[in-house]
Structure formats: C-alpha cells, structure tokens
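Working notes, structure below.
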Amino acid sequence: MRLETELRRAIAQEEIVAHYQPIVSVADNVLLGFEALARWRHPERGLIFPGEFIELAEETGLIVNLGRQILSAALQDLASWCTVHPAASRLTMSVNLSARQFMQSDLVEQVRQAVRASGMPAQCLCLELTESVVMENAASARVLLERLKALQVRLAVDDFGTGYSSLAYLHQFPLDSLKVDRSFVQRLGRQDSDNAIVHAIIQLAQALRLRVVAEGVEEVAQLEVLQSLGCDAAQGYLLGKPMPAEAVLRLLAGLD
Ligand code: G
Ligand code: G
Ligand code: MN
Ligand code: NA
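With our numbering applied, the sequence shown has no gaps in its numbers, which climb one by one up to 266 at the end.
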C-alpha cells in the first residue's frame, strides 16, 4: 500500500520520465527510432525501473495516467528533437500500451490528442501491444486496432512468441510489425533450435507482410544471425541502452 501511495504521488508530481532505447535497421545499421521506457526518478531512491512499479500501476489503474504521461512526453521529446535535428523527423517513437490502457474507452481519443498536441505526423508513433492483450477478446481488439490504425499510427505486437497467437487473427489485425521477444534472441547463435524459432517468426512475419524487430540483442554474433535471417530491425544493449532525452540529443548531434 505504501508503494501505491508513493506511486500515485510520483505520477502527480511527474517523477515518472521516459528513457529512450534506439531501434536500428539490421541491414545497414541506420537509426530508425526509439522505444520509450518508463523510469521513476525517485527523489531519495534514485532511478527505479519498471519491473518495480508497472505491475502495481496496472493493478491499481495508475497505469492509465502514467501511460498518458509517457505517451505525451515521448511525442513531445521527439518533436523537440526534430526542431534541432531535421533528420529526427524520419524516426519512429514506440510506446508501450498495457492491457488496462487498451481497455480505456477513450484510448483512441487520448492517442489522437497526444499526437495532435505534439504536432508530429501520426506515422511517427508506434504503439506496442503484447500478444495476450491483442488475442484476448480478439473481436473487440480488432475493432479497436482498426480505429487506432485509422489515425495512421503504427501498431506492433510486443514480446512476440511468448504468448499465444492465433494466426487467423494476426492476419486480420492491421499490424505493422512483430517484436521478437528477447528470450529467443538471446540464445541465437548458440543453439540451433532457437535459431529455428526466430527463423520461423521472421518467415511468418514476411508472409504476413509485417516488419520484424528483434529485441534484446547483446552480441555481434546475434546481430549477424539476424542479418542472415532477413530481420528488419534490432534493439538491445549492443545497439544502445535506454537513455534519457539529453543523451538522445547528443546521439542525434553525432549523426548530423
Ligand atoms: O525498461 P525495462 O526493460 O525495465 O521495462 C520492463 C517492462 O516494463 C517492459 O516489458 C516494458 O514493456 C514495461 N514498460 C516500460 N515502460 C512502460 C510504459 O511506459 N508503459 C507500459 N505499459 N509498460 C512499460
Ligand atoms: O516492452 P518490453 O517488455 O519489450 O521492454 C523492453 C525491456 O527490455 C526494457 O525493460 C529494456 O530495458 C530491456 N532491454 C532492452 N535491451 C535489452 C538487452 O539487450 N538485454 C536485456 N537483458 N534487456 C534489454
Ligand atoms: Mn515494448
Ligand atoms: Na518486449
């Protein structure tokens, strides 16, 4: 209960900030965008990671306000990077949506308003949903995804391979990409059976005309296997750790 009270206060005082992890093209190592990841800048405890508060936020419903803050902050940060570095306008900002947020009746309106307030084109935003969120109650999820897609935002399935996906539904949803869960990526280049899983996910994605993003890439050998398998994009400590907005600005300055 104490943590809940503290989290409520932290959200009200905007202590939850977004850090940004690079997403890079596998073929030519070009920066494609960032995933926004929540961090709690606690006044006494320092930086607290989502593992310690996202589940509680989800259970208590605090995720709704927290998620709204991360969404606007991420889009506003991207917009401000664009004013300094024109190349940033080609980048995509990926933002996680939890189950609870996906059930909000005004989600589409929230997304529309956050995009409009930032002044960025909607295609700059990618919403990440986990398999279970999308597949549970697939009929209503499809309607909601269609409404989000009508805003022209991109849609990605996060942690792909860890849940249960109906291929029939995957095919019907207006998705743009699949993010291969890092549990598969981390064993790449070590065990043949795990190469086979990532290979199969990439082939599935290609058949469905979806882009594939590999998560959790930590080693050059993993990146090489991904390249040989035709994976589109990658994210992981090898390519860049989640970083505060100031560090993104330094990174973008290096690209000019
Ligand atoms: O950054 P880190 O790897 O510690 O994140 C752990 C988990 O927390 C990730 O699975 C991510 O999906 C989740 N998470 C991080 N930031 C957000 C956020 O802003 N909203 C939601 N819903 N989940 C987030
Ligand atoms: O949304 P999702 O659950 O996929 O969040 C990604 C999480 O994975 C974040 O918490 C991020 O900090 C973490 N992460 C990103 N890259 C790596 C990596 O290369 N290795 C590991 N172990 N974790 C990573
Ligand atoms: Mn994610
Ligand atoms: Na993931």
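Virtual Cβ for every residue (Gly too), placed ideally from N, Cα, C.
Heavy atom of ligand 3 within 7 Å of residue i beta-carbon
i, result
"E141", "no"
"E68", "no"
"E62", "no"
As assigned by DSSP and simplified to three states, the class of residue i
i, result
"R221", "strand"
"L198", "coil"
"L249", "coil"
"Q31", "strand"
"R55", "coil"
"A243", "strand"
Cβ neighbour criterion (16 or more within 10 Å) applied to residue i
i, result
"L101", "buried"
"T15", "exposed"
"E225", "buried"
"R260", "exposed"
"V230", "exposed"
"V153", "exposed"
"A22", "exposed"
"R19", "exposed"
Other residues of its chain near residue i: CB distance less than 8 Å, five sequence neighbours each side excluded
i, result
"D266", "H95, A97"
"V258", "Y30, F44, D87, W91"
"L248", "V227, E228, E229, V230, Q232, L233"
Contact test: residue i Cβ vs ligand 1 heavy atom, cutoff 7 Å
i, result
"A83", "no"
"A243", "no"
Close beta carbons around residue i, own chain, < 6 Å, minus the five adjacent residues each side
i, result
"Y179", "A148"
"F112", "V143"
"E68", "S108, R110"
Near ligand 2: residue i beta-carbon under 7 Å from a heavy atom
i, result
"P252", "yes"
"G246", "yes"
"N39", "no"
"R110", "no"
Other residues of its chain near residue i: CB distance less than 7 Å, five sequence neighbours each side excluded
i, result
"E156", "P184"
- Completely contained beta strand (DSSP E) runs for the region 84-140, where each covers 3 or more residues: 102-106, 135-140
- Segments of 4+ residues assigned as alpha helix (DSSP H) that fall wholly inside the region 131-195: 141-145, 148-160, 177-182, 192-195
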